[in-house]
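Position 81, counted from 1, in the sequence shown is what this note's numbering calls 81; the numbers after and before it change by one each time, with no gaps.
Even glycine gets a Cβ: it sits at the ideal position worked out from N, Cα and C.
This structure is a prediction, so every number in the text was calculated from the model and none was measured.
Remarks on the structure that follows.
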Amino acid sequence: MAERSFAKEVEKLRLGAGEEFAGEGILAITKALLQCGVGYVGGYQGAPISHLMDVLADAQDILGELGVHFEASASEATATAMLAASVHYPIRGAATFKSTVGTNVASDALANLASGGVTGGALIIVGEDYGEGSSIMQERSHAFAMKSQVWLLDPRPNLPSIVKAVEDGFELSEISNTPVMLQVRIRCCHVHGHFIAKDNKRPPMTVADALDAPRRDTGRIVLPPASFLHEKEKVQKRWPAAVEFIRKNKINEMFGSDHGSVGIVMQGGMYNSVIRALQRLGLADTYGDTDVPLYVLNAVYPLIDDEFLSFCEGKQSVLVVEEGQPNYIEQAFAAMLHKAGRGTRLVGKEHLPMAGEYTGQVMLDGIGAFLRAEAPHLLPGEVRAPNKIGDGVDTADLINVVPGRPPGFCIGCPERPIFAATKLIEQELGKHHIASDIGCHLFSIMPPFELGATTMGYGLGPASASAFNSPDAKRRSISFVGDGGFWHNGLTSSVGNAVFNKNDGVIVIVDNFYSAATGGQDILSSRAGNKTKSTKHPITEAVKGMGVKWLRHIDRTYDVGKMQDTLREALTTDEKGPKVIVASSECMLNRQRREKPLVDKAINGGERVVKPKFGVDEDICTGDHACMRLSGCPSLSVKSLDDPLRDDPVAHIDQSCVGCGNCGEVADAAVLCPSFYRADVVHNPSRWDRFLEAGRRATIGLLQRRRESRRLTFADA
Numbered sequence: 001m002a003e004r005s006f007a008k009e010v011e012k013l014r015l016g017a018g019e020e021f022a023g024e025g026i027l028a029i030t031k032a033l034l035q036c037g038v039g040y041v042g043g044y045q046g047a048p049i050s051h052l053m054d055v056l057a058d059a060q061d062i063l064g065e066l067g068v069h070f071e072a073s074a075s076e077a078t079a080t081a082m083l084a085a086s087v088h089y090p091i092r093g094a095a096t097f098k099s100t101v102g103t104n105v106a107s108d109a110l111a112n113l114a115s116g117g118v119t120g121g122a123l124i125i126v127g128e129d130y131g132e133g134s135s136i137m138q139e140r141s142h143a144f145a146m147k148s149q150v151w152l153l154d155p156r157p158n159l160p161s162i163v164k165a166v167e168d169g170f171e172l173s174e175i176s177n178t179p180v181m182l183q184v185r186i187r188c189c190h191v192h193g194h195f196i197a198k199d200n201k202r203p204p205m206t207v208a209d210a211l212d213a214p215r216r217d218t219g220r221i222v223l224p225p226a227s228f229l230h231e232k233e234k235v236q237k238r239w240p241a242a243v244e245f246i247r248k249n250k251i252n253e254m255f256g257s258d259h260g261s262v263g264i265v266m267q268g269g270m271y272n273s274v275i276r277a278l279q280r281l282g283l284a285d286t287y288g289d290t291d292v293p294l295y296v297l298n299a300v301y302p303l304i305d306d307e308f309l310s311f312c313e314g315k316q317s318v319l320v321v322e323e324g325q326p327n328y329i330e331q332a333f334a335a336m337l338h339k340a341g342r343g344t345r346l347v348g349k350e351h352l353p354m355a356g357e358y359t360g361q362v363m364l365d366g367i368g369a370f371l372r373a374e375a376p377h378l379l380p381g382e383v384r385a386p387n388k389i390g391d392g393v394d395t396a397d398l399i400n401v402v403p404g405r406p407p408g409f410c411i412g413c414p415e416r417p418i419f420a421a422t423k424l425i426e427q428e429l430g431k432h433h434i435a436s437d438i439g440c441h442l443f444s445i446m447p448p449f450e451l452g453a454t455t456m457g458y459g460l461g462p463a464s465a466s467a468f469n470s471p472d473a474k475r476r477s478i479s480f481v482g483d484g485g486f487w488h489n490g491l492t493s494s495v496g497n498a499v500f501n502k503n504d505g506v507i508v509i510v511d512n513f514y515s516a517a518t519g520g521q522d523i524l525s526s527r528a529g530n531k532t533k534s535t536k537h538p539i540t541e542a543v544k545g546m547g548v549k550w551l552r553h554i555d556r557t558y559d560v561g562k563m564q565d566t567l568r569e570a571l572t573t574d575e576k577g578p579k580v581i582v583a584s585s586e587c588m589l590n591r592q593r594r595e596k597p598l599v600d601k602a603i604n605g606g607e608r609v610v611k612p613k614f615g616v617d618e619d620i621c622t623g624d625h626a627c628m629r630l631s632g633c634p635s636l637s638v639k640s641l642d643d644p645l646r647d648d649p650v651a652h653i654d655q656s657c658v659g660c661g662n663c664g665e666v667a668d669a670a671v672l673c674p675s676f677y678r679a680d681v682v683h684n685p686s687r688w689d690r691f692l693e694a695g696r697r698a699t700i701g702l703l704q705r706r707r708e709s710r711r712l713t714f715a716d717a
């Protein structure tokens, strides 16, 4: 069950020639693929590209009508290897995944694909995830394009440019026999706009047609001596063909004046931010028209020497707007100017940050600094002084004023009790080396749990603990891997590796029924039925098949006591070899998405519905807050009382509570206090419910009156 459904939006994919398409970038990319006659699409989800996979999944009927094959790949390597269908056959194929974790995983397949080259167009749509808001290590896709000699497009963030980039990408791939990467950032993926649609095309050759007429060309297979010939072909044939196509079709764009003492060169994806900065500096109008010369690189690799040198003609200085480090583009342009003997001054990171996302304010400050230094005469008088526009609260001041907001588990998350149990076990048995993994469970490294020492990649949590397998060790390591990571890479690289090497550590597989961190997509072990995918394959069976002997399955992670007992057993048993615990409970976000509409419909329809509500008895709570240190649920907070005799605030559960019961379970397992209670809220109560409620109120009222009477009697005495 994905984060959101695009069932309504995908109907726009049926629009024909001349009709106006309106929507967001993700949907525009899908429409462009269909208009280009794509034959097959694969990919792996991950922000900011997750919704592209969700759109394709919801468009299965439309894809089927056109003979387009789509599959959600097991990993980015699988998706890239899928493009092998374009090596010998004139079929256009596309793969999509998040960068740079995706390009890291796919790099082997990408290198082989780029070596042999392709016959049909092969397009890799990469969701660039760079900057402070990113969930991954800070690297760029650009390095992979250069390493494997694949071409990299970076379109301006508007729908016509995005659609054109998909069309150009396929043509460029076919003309140069080279895979092409299309880089789209989050602003590009989710920008809204419109473009004039074209008719969808059925692929001239489908994958079914290819199976009926198999082809092979030994020259395309990566095997000596052909592999060295591939390298020569890249340099002598493919590169010149790509450069000529980019130049001839004016893939890169120039805006502004043909003359000027300064100019700005930028990645296509930076265009909107550059224009916005120029607007704020008074150098561009509402429509983006400007007199400042701009050279927009919709193709950032390969670069076109004569285009750039022509742009620099007559200019004293040029600013390169290149997000991220290393500054590959700036270095390449500097080399071009040096070889050509040009005197144009090239600047970039002198005025713009070496690292971090180029936000609107960053761009404004950087471009403003460049123009004040190189061409102050262009600026209106009121913005010539430094920091006139960019003034604001300093980042250091913000850190002191605004508290940090680390990532954490959602309300009711079934993974929280797993780490509460782990924390309790550490209090009992002492500290252990804990290896973390990519996924929601990685939030356990943050307060209140503060567990986990490393994370080495998706599905590699147990693998990253494999060195801690010393026969002299007195304690076992603990490692975590999610169900998404388990199927992505962990089954072989982590569990299989542990079995083969007789590792004695404890492996906890966190099974929440979905690839939850990427948006809730179904995976092999999902419990729900899926009409286009095969689900309901238990993780326990796969683990047994790998040869694991010590295996425990907990089918309700909210049972903190059971989780604690199982961890203790795994850490203290005399049995050798990997100890695997599969801890299963449905992702609460997906559960709420699934159940809430049904519950609301039932309530509105007059049906009797019982919803649990948890609370804290203020008279019993001591205010020691130990429950929060072992839970961390956002719905569990503190509340100050009006009682002058009680200074400490008590625990409080707010209205966001989803009734998972974790707080009470933790309190019970840790022997904290009995202040937690559960109350059932009955919607559309029956006559029997009303009768019982009246009886309860009467009984409680009687007891309260009796107690008050006794209190007054003792007071008079």
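- Evaluate contact between the segment 79 to 94 and the segment 201 to 209, counting only Cβ atoms and requiring at least three cross-stretch pairs below 8 Å. With a cut-off of 8 Å, the segment 201 to 209 and the segment 79 to 94 count as touching, because enough Cβ pairs lie within range.
* To do: Spatial neighbours of glycine 430 within its chain, please: CB distance less than 8 Å, with the 5 preceding and 5 following residues excluded, ordered by chain position.
  => Start at 1 with the first residue of the sequence shown, and residue 430 comes out as number 430. Close CB contacts of glycine 430 within its chain, under the 8 Å cut and outside five residues either way in sequence, are with Arg475 (chain order).
task = Could you check the C-alpha separation between alanine 651 and valine 616 for me, to the nearest Å?
result = In the sequence shown, the residue the question calls residue 651 occupies position 651. In the sequence shown, the residue the question calls residue 616 occupies position 616. Going by the C-alpha atoms only, they are around 7 Å apart.
Requested in this report: Please state if the CB of glycine 659 and the CB of lysine 613 are separated by a distance shorter than 9 Å.
Outcome: The residue labelled residue 613 in the question sits at position 613 within the sequence shown. The residue labelled residue 659 in the question sits at position 659 within the sequence shown. Note that the C-beta distance between lysine 613 and glycine 659 is below 9 Å.
Q) Between glycine 390 and valine 321, what straight-line distance do the alpha-carbon atoms span, to the nearest angstrom? A) Position 390 of the sequence shown, counting from 1, holds the residue named residue 390. Position 321 of the sequence shown, counting from 1, holds the residue named residue 321. At glycine 390, the pLDDT of 45 sits below 50, so the modelled position is not reliable; the number obtained from the coordinates is stated separately. When rounded, the distance between both Cα atoms is 18 Å.
**CB of phenylalanine 333 within 9 Å of CB of valine 402, strictly** = The residue labelled residue 333 in the question sits at position 333 within the sequence shown. The residue labelled residue 402 in the question sits at position 402 within the sequence shown. Not closer than 9 Å, so no.
message = Suppose you measure from the CA of proline 526 to the CA of glycine 484; what does that come to, to the nearest Å?
response = As a first step, residue 526 must be located in the sequence shown, where it is residue number 526. As a first step, residue 484 must be located in the sequence shown, where it is residue number 484. Here the sequence assigns serine to residue 526, which means proline is not the residue at that position. Cα-Cα distance, rounded: 10 Å.
Original post:
With DSSP run on the structure shown, which of helix, strand or coil describes phenylalanine 676?
Top reply: Locating residue 676 in the sequence shown gives position 676, counting from the first residue. Three-state result, phenylalanine 676: strand.
Element boundaries [beta strand (DSSP E), containing glycine 348]: Here residue 348 corresponds to residue number 348 of the sequence shown, with the count starting at 1. Neither: glycine 348 is in no beta strand (DSSP E) and is coded neither H nor E.
- Should arginine 705 be flagged as near chain B, meaning a C-beta pair shorter than 9 Å? Looking for chain B here will not work: only one protein chain is present.
**Message:** Output needed for alanine 28: all residues of its chain with C-beta closer than 6 Å, excluding positions within five of it in sequence on either side, in chain order.
**Reply:** As a first step, residue 28 must be located in the sequence shown, where it is residue number 28. Annotation for alanine 28: Leu159, Ile162 and Val163 place their beta carbon closer than 6 Å to its own, counting only its chain and skipping 5 residues before and after.
Query - Length at least 4, wholly inside the segment 215 to 269: the alpha helix (DSSP H) runs in chain order - result: The segment 215 to 269 contains these whole alpha helix (DSSP H) runs: 226 to 233 and 239 to 248.
### Minimum length 3: unbroken beta strand (DSSP E) runs contained in the segment 457 to 485
Whole beta strand (DSSP E) segments, 3+ residues: 478 to 482.
Report task. Figure out for me which residue from Gly25, Val68, Gly67 and Ile62 has the closest Cα to the Cα of isoleucine 49. Result -> Mapped onto the sequence shown, residue 49 falls at position 49. For isoleucine 49, the closest of Gly25, Val68, Gly67 and Ile62 by C-alpha to C-alpha distance is Gly25.
For this session: Along the beta strand (DSSP E) that carries glutamate 71, what are the first and last residues, could you check?
Result: Residue 71 sits at position 71 when you count from the first residue of the sequence shown. Following the DSSP letters along the chain, one finds glutamate 71 inside the beta strand (DSSP E) bounded by residues 69 to 72.
Starting from aspartate 648 and walking both ways along the alpha helix (DSSP H), at which residues does that stretch end? Within the sequence shown, residue 648 is the residue found at index 648, counting from 1. Looking at the DSSP string, aspartate 648 is not in any alpha helix (DSSP H), and its letter there is neither H nor E.
Open item on the list: As a quick exercise: from Ile62, Gln427 and Tyr558, pick the residue whose alpha carbon is nearest that of leucine 451.
Closed with: Here residue 451 corresponds to residue number 451 of the sequence shown, with the count starting at 1. Nearest C-alpha to leucine 451: Gln427.
Find out if the Cβ-Cβ distance for the pair serine 479, valine 510 is shorter than 9 Å.
-> If you number the sequence shown from 1, residue 479 lands on position 479. If you number the sequence shown from 1, residue 510 lands on position 510. Contact: no.
**Asked** Which ranges does the beta strand (DSSP E) cover as unbroken runs of at least 3 residues, wholly within the segment 562 to 602, from first to last along the chain?
**Response** The qualifying runs are 579 to 584.
query: So, histidine 488 versus alanine 74, is the Cβ gap smaller than 9 Å?
result: What you label residue 488 is simply residue 488 of the sequence shown in a count that begins at 1. What you label residue 74 is simply residue 74 of the sequence shown in a count that begins at 1. Using a Cβ distance threshold of 9 Å, histidine 488 and alanine 74 count as a contacting pair.
- When we look at the beta-carbon of glutamate 677 and count the other beta-carbons within 10 Å, is it buried (16 or more) or exposed? Taking the sequence shown and counting its residues from 1, one reaches residue 677 at position 677. In the sequence under discussion, the amino acid at residue 677 is tyrosine, which differs from the glutamate named in the question. Tyrosine 677 comes out exposed.
Point to revise | Exposure label - tryptophan 688; buried when at least 16 CB within 10 Å | key: Reading the sequence shown from its first residue, position 688 is the one you call residue 688. With fewer than 16 Cβ atoms within 10 Å of its Cβ, tryptophan 688 is classed as exposed.
* Under the three-state reduction of DSSP, which class applies to tyrosine 271: helix, strand or coil? -> Along the sequence shown, read from residue 1 onward, the residue named residue 271 stands at position 271. Three-state DSSP puts tyrosine 271 in a helix.
If histidine 69 sits next to threonine 119, beta carbons under 8 Å apart, how far is it from one beta carbon to the other, in whole angstroms? Taking the first residue of the sequence shown as position 1, residue 69 is located at position 69. Taking the first residue of the sequence shown as position 1, residue 119 is located at position 119. With 8 Å as the limit, histidine 69 and threonine 119 do not qualify as a contact, their Cβ atoms being about 17 Å apart.
Mind checking whether glycine 116 and histidine 230 have CB atoms under 9 Å apart?
Taking the sequence shown and counting its residues from 1, the one referred to as residue 116 is at position 116. Taking the sequence shown and counting its residues from 1, the one referred to as residue 230 is at position 230. A contact, by the Cβ cut-off of 9 Å.
Test item: CB-CB of glycine 268 and valine 300 under 9 Å: Position 268 of the sequence shown, counted from the start, is the residue given in the question as residue 268. Position 300 of the sequence shown, counted from the start, is the residue given in the question as residue 300. Contact flag set, yes.
Where does the unbroken alpha helix (DSSP H) through methionine 82 begin, and where does it stop? Indexing the sequence shown from 1 puts residue 82 at position 82. Counting along the chain, the alpha helix (DSSP H) containing methionine 82 begins and ends at 76 to 82.
Self-check item: The beta strand (DSSP E) enclosing methionine 181, as first and last residue numbers
Solution: Numbered from 1 along the sequence shown, position 181 holds the residue referred to as residue 181. Methionine 181 -> beta strand (DSSP E) spans 180 to 184.
| task | Spell out the partners DSSP gives glycine 102 in its beta bridges. | result | Numbered from its first residue, the sequence shown carries residue 102 at position 102. Note: glycine 102 sits in no beta bridge, so no partner.
- Query: With 16 other CB atoms within 10 Å as the buried threshold, where does serine 656 fall?
  - Reply: Taking the sequence shown and counting its residues from 1, one reaches residue 656 at position 656. Per the 10 Å Cβ criterion, exposed.
Which partner residues of arginine 552 appear in the DSSP bridge assignment?
-> For the purposes of this step, residue 552 is taken as residue 552 along the sequence shown, with counting starting at 1. DSSP output for arginine 552 lists Ile581 as bridge partner(s).
Compare the Cα-Cα distances from histidine 51 to each of Ile62, Arg14 and Thr96 and report the closest residue.
-> On the sequence shown, position 51 is the one that residue 51 refers to. Looking at the Cα atoms, Thr96 is the closest of the given residues.
Does the segment 293 to 312 come close enough to the segment 242 to 259 to have 3 or more Cβ pairs within less than 8 Å? Verdict: yes, contact present.
### Message
For leucine 319 and isoleucine 367, which I take to be in contact (beta-carbon distance under 8 Å), what is that distance rounded to the nearest angstrom?
### Response
The residue given as residue 319 occupies position 319 in the sequence shown. The residue given as residue 367 occupies position 367 in the sequence shown. About 7 Å; that satisfies the 8 Å criterion.
Mind checking which residues open and close the beta strand (DSSP E) that includes serine 151? By one-based count along the sequence shown, residue 151 stands at place 151. The amino acid occupying residue 151 in the given sequence is tryptophan; serine does not appear at that position. Run containing tryptophan 151: 151 to 153, per the beta strand (DSSP E) assignment.
| query | When you compare only the Cα positions, how much space is there between asparagine 298 and aspartate 654? | reply | Start at 1 with the first residue of the sequence shown, and residue 298 comes out as number 298. Start at 1 with the first residue of the sequence shown, and residue 654 comes out as number 654. The C-alpha of aspartate 654 is placed about 50 Å away from the C-alpha of asparagine 298.
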